[in-house]
């Protein structure tokens, strides 16, 4: 088992190295001179020369990369030009907000998507199955930002039940925090709910056709016991690992959700940075998200290894 | 002999992929909706009742009426006309970005799968790195560095989708290159490029077609998201995503501004998803 874990961790290292190259390479997409782009409206030659020196833009590209990677390895992701703060500090400050949003979304997706998938598989080709499939297809087709706007229209503007935007820290008021986060979390969970439903359904259908489920039924076990004790326990394994990967995807989806509901998280940080031409922040956020995603993939593989007896055997 | 005859019977009776596609209700609905939206996009200048960028300050935020079927926006532009012209931006972005992804993804996937060895390993690590970056975040970052415009959004989405095609094609190539007909082509002394283009590529078209259809759905959503964030189509040109971005600010005064563009995006994306699912089933060799 230890050999597997070590091997799996070692495989992740080259991926992280290439991710760093991709993230660093983003700045090569900047049209024209990066120093001019960083200077923005300022066209002072002295400032531009200073920016070139600070950001090592006068160095060959490979040396620029090595300097950047060296700094990243020391925890220095650069400094935000606009906020005059280290990017690392900004990321650390915003990450918990997005993590809370993503965790709530994954909880909603689990509570809705998995039961829907079970019902859909057990009641295959009935109205319940068709209904669940329509919900799942809508989940992956309806843009989250439109769903968010429509929910604001219904629950905030028309019914007045929930606030349309804003964020309250849980330490200040947990109930207010939940009130501001429940709608964004529901919006963010829509795609994941659909994915959980579809995977649970197909895994359950495969398991329900297997010999051991037929044997369990032949032994006279009651249907709920067959479904929950025998079928679901095996069908849920790929969905559990999918959950870890989806948490990474939710970080991506949070960009739009945070923008609609004005939540000061990771996603809003990158969008604000884009409009402020704060490239160090953009690179920092992409690097952190990608590294987090690789880590979650690693966790997913390890969870799969731990929960699947055949893998350990 | 009997077995051969029976197999031939099955082969003769097996309907074409298009016929199998037409048997699936969902896929047919998807296909019809796609054709309708493509027609609307192509005939936009003739179908749109008004100029999509002509403002009229006497008609600011008017609800749907006989004159303006879908209402007007915050500066009196006709929403139906903007929606019709917006179909051009959305479908164009969906199709062109996928074409970019295929244009780069197919040769790179062929090279990776066909060459194997260190070239394959290196390319797969690069693909892993791209896939490790969440799709939308990478597309936003690329669009940010390239600058906000519809063309740059399409490039960003295309480049972000490319690794999926590289991996898919590489996998298919690895499966196909061990087939007898490829071995035979090699034994006959055909050059590698000829084998890859003439013998391998035609046999991996089906999964690429399925992935491309599903990728158009994802690209359409991504373009709408980028335009919603202000990184895609720039004003005053209409796009469904940017229309939603403006509508958000007037949600309590003019909710109709938000209804139509969102509904249009959801319908097109759903149609491409249905069509992609249908194509996957119809092109599956196990399906008879």
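Chains as they are written, first to last, in the numbering used here: chain F, 135 to 447; chain C, -14 to 273. Just so it is clear, CB atoms sit at the ideal spot from N, CA and C, and this is done for glycine as well.
ask   = What are the residues that DSSP puts in a beta bridge with residue 220 of chain F?
value = Residue 220 of chain F sits at position 86 when you count from the first residue of the first chain. DSSP, once it has assigned bridges, lists F:213 as partnering residue 220 of chain F.
ask   = Which value, in whole angstroms, describes the spacing of the CA atoms of residue 141 of chain F and residue 149 of chain F?
value = Taking the first chain and counting its residues from 1, the one referred to as residue 141 of chain F is at position 7. Taking the first chain and counting its residues from 1, the one referred to as residue 149 of chain F is at position 15. Cα to Cα, the separation comes out at about 13 Å.
ask   = How long is the line joining the alpha carbons of residue 260 of chain C and residue 357 of chain F, rounded to whole angstroms?
value = Start at 1 with the first residue of the second chain, and residue 260 of chain C comes out as number 275. Start at 1 with the first residue of the first chain, and residue 357 of chain F comes out as number 223. Computed Cα separation, rounded: 36 Å.
task = Would you mind telling me which residues of chain C sit closer than 7 Å to residue 424 of chain F, beta carbon to beta carbon, in chain order?
result = Locating residue 424 of chain F in the first chain gives position 290, where the first residue counts as 1. Correct list: 117 and 118.
message = DSSP three-state label for residue 375 of chain F, please.
response = As a position in the first chain, residue 375 of chain F is number 241, starting the count at 1. Judged by DSSP in its simplified three-state form, residue 375 of chain F adopts helix.
query = Which first and last residues belong to the alpha helix (DSSP H) in which residue 134 of chain C is found?
reply = The residue labelled residue 134 of chain C in the question sits at position 149 within the second chain. Looking at the DSSP string, residue 134 of chain C is not in any alpha helix (DSSP H), and its letter there is neither H nor E.
query = Touching or not, the segment 299 to 316 of chain F and the segment 229 to 238 of chain C, by the rule of three or more beta carbon pairs under 8 Å?
reply = no
Minimum Cβ-Cβ distance from residue 427 of chain F to chain C less than 7 Å = Indexing the first chain from 1 puts residue 427 of chain F at position 293. Yes, because at least one Cβ of chain C sits closer than 7 Å to the Cβ of residue 427 of chain F.
request  = Mind reading off the beta-carbon distance from residue 318 of chain F to residue 395 of chain F? Whole number of angstroms is fine, and I expect it under 8 Å.
outcome  = For the purposes of this step, residue 318 of chain F is taken as the residue at position 184 of the first chain. For the purposes of this step, residue 395 of chain F is taken as the residue at position 261 of the first chain. Rounded, the Cβ-Cβ distance is 4 Å, consistent with contact.
request  = Could you say which of C:112, C:75, C:51 and C:64 lies nearest to residue 151 of chain F if we only look at CA atoms?
outcome  = Here residue 151 of chain F is taken as the residue at index 17 of the first chain, counted from 1. Selected option, being the one with the closest Cα: C:112.
key: CB contact below 7 Å: residue 206 of chain F versus chain C   = One-based indexing of the first chain puts residue 206 of chain F at position 72. Among the residues facing chain C, residue 206 of chain F is not included, as its CB has no counterpart in that chain under 7 Å away.
task = Can you tell me which of the three DSSP states residue 63 of chain C falls into?
result = On the second chain, residue 63 of chain C is found 78 positions in, with the first residue counted as 1. Residue 63 of chain C: strand per DSSP, three-state reduction.
ask   = Quick one: what's got a C-beta closer than 8 Å to residue 333 of chain F's C-beta in the same chain, skipping five residues either side?
value = In the first chain, residue 333 of chain F corresponds to position 199, counting from 1. For residue 333 of chain F, where only same-chain residues beyond five positions count, the Cβ hits under 8 Å are 251, 372, 373 and 376.
query = Which residues mark the beginning and the end of the alpha helix (DSSP H) in which residue 118 of chain C is found?
reply = Taking the first residue of the second chain as position 1, residue 118 of chain C is located at position 133. Element bounds for residue 118 of chain C: n/a, residue is neither H nor E.
message = What would DSSP say about residue 57 of chain C, mapped onto helix, strand or coil?
response = Start at 1 with the first residue of the second chain, and residue 57 of chain C comes out as number 72. Strand at residue 57 of chain C.
Pairwise C-alpha distance: residue 197 of chain F and residue 275 of chain C = Residue 275 of chain C falls outside the range modelled here, since chain C spans only -14 to 273, and no answer is possible.
message = Distance check for residue 415 of chain F and residue 235 of chain F, CA to CA, integer angstroms please.
response = Counting from one through the first chain, the residue named residue 235 of chain F turns up at place 101. Counting from one through the first chain, the residue named residue 415 of chain F turns up at place 281. The straight-line gap from Cα to Cα measures roughly 21 Å.
inquiry  = When you compare the CB positions of residue 242 of chain F and residue 301 of chain F, do they come within less than 7 Å of one another, or not?
reply    = Indexing the first chain from 1 puts residue 242 of chain F at position 108. Indexing the first chain from 1 puts residue 301 of chain F at position 167. Against a cut-off of 7 Å, the Cβ pair of residue 301 of chain F and residue 242 of chain F comes out as no contact.
message = Between the alpha carbons of residue 274 of chain F and residue 418 of chain F, how many angstroms are there, rounded?
response = Here residue 274 of chain F refers to the residue found at position 140 when the first chain is read from its first residue. Here residue 418 of chain F refers to the residue found at position 284 when the first chain is read from its first residue. Whole-angstrom Cα-Cα distance: 29 Å.
query = Is the number of C-beta pairs between the segment 74 to 83 of chain C and the segment 133 to 140 of chain C that are closer than 8 Å three or more?
reply = yes
inquiry  = Looking only at its chain, what residues have a beta carbon closer than 6 Å to the beta carbon of residue 2 of chain C, apart from the 5 residues adjacent to it on each side?
reply    = Position 17 of the second chain, counting from 1, holds the residue named residue 2 of chain C. 267 and 268.
key: 7 Å Cβ cut-off: residues of chain C touching residue 161 of chain F   = For this step, residue 161 of chain F is matched to residue 27 along the first chain. The answer, in chain order, is 130.
key: As assigned by DSSP and simplified to three states, the class of residue 262 of chain C   = Indexing the second chain from 1 puts residue 262 of chain C at position 277. If DSSP states are grouped into helix, strand and coil, residue 262 of chain C belongs with the helices.
task = Give the secondary structure of residue 412 of chain F by DSSP, where H, G and I count as helix, E and B as strand, and everything else as coil.
result = As a working note, residue 412 of chain F is residue 278 in the first chain. Looking at residue 412 of chain F - three-state DSSP - the assignment turns out to be coil, as it is neither helix nor strand.
query = Three or more C-beta pairs closer than 8 Å, one from the segment 171 to 190 of chain C and one from the segment 217 to 224 of chain C: is that the case here?
reply = no
ask   = If we ignore side chains and look at the alpha-carbon of each, how far apart do residue 66 of chain C and residue 27 of chain C end up?
value = Here residue 66 of chain C corresponds to residue number 81 of the second chain, with the count starting at 1. Here residue 27 of chain C corresponds to residue number 42 of the second chain, with the count starting at 1. C-alpha separation (whole angstroms): 13 Å.
request  = Since I believe residue 247 of chain F is in contact with residue 326 of chain F (beta carbons under 8 Å), could you give me their beta-carbon distance rounded to a whole number of angstroms?
outcome  = Stepping through the first chain from its first residue, residue 326 of chain F is reached at position 192. Stepping through the first chain from its first residue, residue 247 of chain F is reached at position 113. Indeed they touch by this definition, with Cβ atoms about 7 Å apart.
ask   = Any idea what DSSP makes of residue 31 of chain C, helix, strand or coil?
value = Mapped onto the second chain, residue 31 of chain C falls at position 46. Helix at residue 31 of chain C.
request  = Assess, as a yes-or-no matter, whether the segment 95 to 112 of chain C is touched by the segment 125 to 135 of chain C under the definition of 3 or more beta carbon pairs within less than 8 Å.
outcome  = no
message = Less than 7 Å between the C-beta atoms of residue 77 of chain F and residue 378 of chain F, yes or no?
response = Since the first residue shown for chain F is 135 and the last is 447, residue 77 of chain F is missing from the structure and cannot be characterised.
ask   = What separation, rounded to the nearest whole angstrom, lies between the Cα atoms of residue 171 of chain C and residue 204 of chain C?
value = The sequence position of residue 171 of chain C within the second chain is 186, counting from 1. The sequence position of residue 204 of chain C within the second chain is 219, counting from 1. Their backbone Cα atoms lie some 38 Å apart in a straight line.
ask   = When burial is assigned at 16 or more other CB atoms within 10 Å of the CB, is residue 188 of chain F buried or exposed?
value = Walking along the first chain from the start, residue 188 of chain F turns up at place 54. Looking at its Cβ environment, which holds fewer than 16 other Cβ atoms inside 10 Å, residue 188 of chain F is exposed.
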